[in-house]
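Chains as they are written, first to last, in the numbering used here: chain A, 1 to 216; chain B, 1 to 216. Glycine is no exception: its CB is placed at the ideal position from the N, C-alpha and C atoms. A short write-up of the structure that comes next.
Number of protein chains: 2
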Amino acid sequence: MTPVGVLGTGIVGQTLAARLANLGVDVLVGARSADSASLAPFAEIDVRTGSFSDAADHAELLVNATNGVNSLAVLESIGAESLAGKTVIDLSNELVPSEHGFPVPAASVENSIGRRLQEAFPETFVVKSLNTMNCTVMVEPPIVPGDHVVFLSGEDEGAKDRVRALLAMFGWRPEQMVDLGGIESAAGPEMMMKVWMSVSQTRGWDSRFNWAIHSA
Amino acid sequence: MTPVGVLGTGIVGQTLAARLANLGVDVLVGARSADSASLAPFAEIDVRTGSFSDAADHAELLVNATNGVNSLAVLESIGAESLAGKTVIDLSNELVPSEHGFPVPAASVENSIGRRLQEAFPETFVVKSLNTMNCTVMVEPPIVPGDHVVFLSGEDEGAKDRVRALLAMFGWRPEQMVDLGGIESAAGPEMMMKVWMSVSQTRGWDSRFNWAIHSA
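And the structure:
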């Protein structure tokens, strides 16, 4: 497997980096600065770290695991030139902090963070995927039974194939991968965040579940 | 079963009215006016028809099967007084016509038609449900295998129980009914419309499917 750069140091970035390292992938996790305190958890699991730019320089395949609220600024801090020709798996959701209660999903047909990233970096291959589930399920899908699904949205077939290869390493079977079309379709999975949060809440915040599509 | 008034004469209203009549329910379908041409299909299946107000006068339980773009105006044409104390199952989606291609789902956390209807008619019990699937699946869920789900959002437990009773008549089992909480949660199922359209499209517009939640 090709090296992977992970952008973001939260629970999603940590879970992905740990799983990639465990699979023997050469992974480097990037934060706002190479000496950010947020990088401490990665030293414990022997994963290399650096700045966002270091992560981008490290690999042709990048994972955007930042909060969608910050994702555009993170990619801008790396710069279009460094990102040109690279594949970015965008698993972000734009969650706006709220004073009263839970963060509020900002997605709509008019406001897709995946599409905005692609429009801002036309020479980069953005593939929306994995944003519709808990990060434990992302990297170890067999813990959930049956043909639950992972969506893919993006303009470039080669980039989608690279993402499919990564998904397969995690344990996703081809029949679970649902190609929704171009990056315009990324709004769909992003808009599922609201009901995903409600379902998690009804389950007492047990989010070890995933969506499946049952056919007549 | 208590009588039911159906608001809306499109394919959803037709499918619901036919199924309700078939189940022996006393159903009356309302349109903008009692002599609307859109009511012709109901004569063929021996279902009574009238204006929106006639449908509201007919029953304590109403089904909003109009396009969400029009739903507020439809309820306003009936009036708050006639709707007070009644339960409205809102299965609408707000789909904005587009010049170039498919209608565009307008739902977001900030724009939930279910919540807007509840806010506009505080003395009416709005329960969002059934809007996340094809109307054939709505009224005959056993055609889809397994524990696929139907969501409910609403403020009033009694109203939700009345909706559950209707769902059970259609063939929904209790374990398939997922109560998401108050009407604030209606935005979640509404925001699923975008990905639902994409999935339908990938299936060659075969929309005889439904969402399921698989648990670890």
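{"query": "Suppose the cutoff is 7 Å on Cβ atoms and the five residues either side in sequence are ignored; what does the same chain contact list for Asp156/A look like?", "result": "Phe125"}
{"query": "Within 8 Å, do at least three Cβ pairs link the stretch 73-83 of chain B to the stretch 112-122 of chain B?", "result": "yes"}
{"query": "Between the beta-carbon of Pro141/A and the beta-carbon of Trp172/A, is there less than 7 Å?", "result": "yes"}
{"query": "Going by C-alpha distance, which of Ala40/B, Val199/B, Phe170/B and Asn93/B is nearest Gln14/B?", "result": "Ala40/B"}
{"query": "Closest by CA to Met1/A, which one among Val109/A, Val12/A, Gly10/A and Ala21/A?", "result": "Ala21/A"}
{"query": "Touch check for the stretch 42-53 of chain B and the stretch 146-162 of chain B: three-plus C-beta pairs under 8 Å?", "result": "no"}
{"query": "Would you mind working out which of Thr66/A, Ala59/A, His58/A and Leu23/A sits nearest Ser38/A, comparing C-alpha positions?", "result": "Thr66/A"}
{"query": "In angstroms, rounded to a whole number, what distance separates the CA positions of Glu184/B and Arg115/B?", "result": "6 Å"}
{"query": "Give the residues of chain E in contact with His214/B, contact being defined as C-beta atoms less than 9 Å apart.", "result": "The structure shown contains no chain E; its protein chains are A and B."}
{"query": "Can you check which of these residues, Ala17/A, Leu23/A and Ser53/A, is closest to Ala31/A by C-alpha distance?", "result": "Ser53/A"}
{"query": "Along the stretch 168-190 of chain A, where does the CB come closer than 8 Å to a CB of chain B? Name the residues.", "result": "Val178, Asp179, Leu180, Gly181, Ser185, Ala187, Gly188 and Pro189"}
{"query": "7 Å is my cut-off, CB to CB: does Ser92/A come that close to chain B?", "result": "no"}
{"query": "Apart from the five residues just before and just after Asn111/B, which ones in its own chain have a Cβ nearer than 7 Å to its Cβ?", "result": "none"}
{"query": "Measuring CB to CB, does Cys135/B end up less than 7 Å from Val29/B?", "result": "no"}
{"query": "Would Glu99/B be called buried (16 or more neighbouring beta carbons within 10 Å of its own) or exposed?", "result": "exposed"}
{"query": "Please confirm if Pro41/B has its CB atom under 7 Å from at least one CB of chain A.", "result": "no"}
{"query": "In three-state terms, what does DSSP make of Arg48/B?", "result": "strand"}
{"query": "Please state if the CB of Gly188/A and the CB of Val195/B are separated by a distance shorter than 7 Å.", "result": "yes"}
{"query": "Can you look up Leu95/A in the DSSP assignment and give me helix, strand or coil?", "result": "strand"}
{"query": "Please report the straight-line C-alpha distance between Ile218/B and Leu166/A, rounded to a whole angstrom.", "result": "Any property of residue 218/B remains undetermined from this structure, which presents chain B solely from 1 to 216."}
{"query": "Chain B partners of Pro105/A, CB-CB under 7 Å?", "result": "Val109"}
{"query": "Considering only C-alpha positions, which residue in the set Asn93/B, Pro145/B, Val69/B and Gly24/B is nearest to Val47/B?", "result": "Gly24/B"}
{"query": "In terms of residue numbering, what span does the alpha helix (DSSP H) encompassing Thr87/B cover?", "result": "Segment Thr87 to Asp90 is the beta strand (DSSP E) holding Thr87/B; no alpha helix (DSSP H) there."}
{"query": "Using a 10 Å radius around the Cβ and a threshold of 16 neighbouring Cβ atoms, would you call Ala168/B buried or exposed?", "result": "exposed"}
{"query": "Between which two residues does the alpha helix (DSSP H) harbouring Ile113/A extend?", "result": "Ile113 to Ala120"}
{"query": "Comparing the C-beta of Ser53/A with each C-beta of chain B, is any distance below 7 Å?", "result": "no"}
{"query": "With distances taken Cα to Cα, identify the nearest neighbour of Gly50/A among Leu75/A, Ala34/A and Asp179/A.", "result": "Ala34/A"}
{"query": "Identify the contact partners of Lys194/A in chain B, using a Cβ-Cβ distance below 7 Å as the criterion.", "result": "Val109, Ala187, Gly188 and Met191"}
{"query": "Under 6 Å Cβ to Cβ from Gly8/B, same chain only, skipping five residues before and after it: list those, please.", "result": "Ala65 and Thr66"}
{"query": "Are any of the Cβ atoms in chain B nearer than 7 Å to that of Ser198/A?", "result": "yes"}
{"query": "Hey, Val109/A and Pro105/B are a contact pair by Cβ (cut 8 Å); roughly how many whole angstroms apart?", "result": "6 Å"}
{"query": "If contacts are defined as beta-carbon pairs under 8 Å, then Val4/A and Leu72/A qualify, I think. What distance do you get, rounded to the angstrom?", "result": "Val4/A to Leu72/A, Cβ: 21 Å. No contact."}
{"query": "When DSSP builds the beta bridges, which residues end up paired with Ile213/B?", "result": "Trp211/A"}
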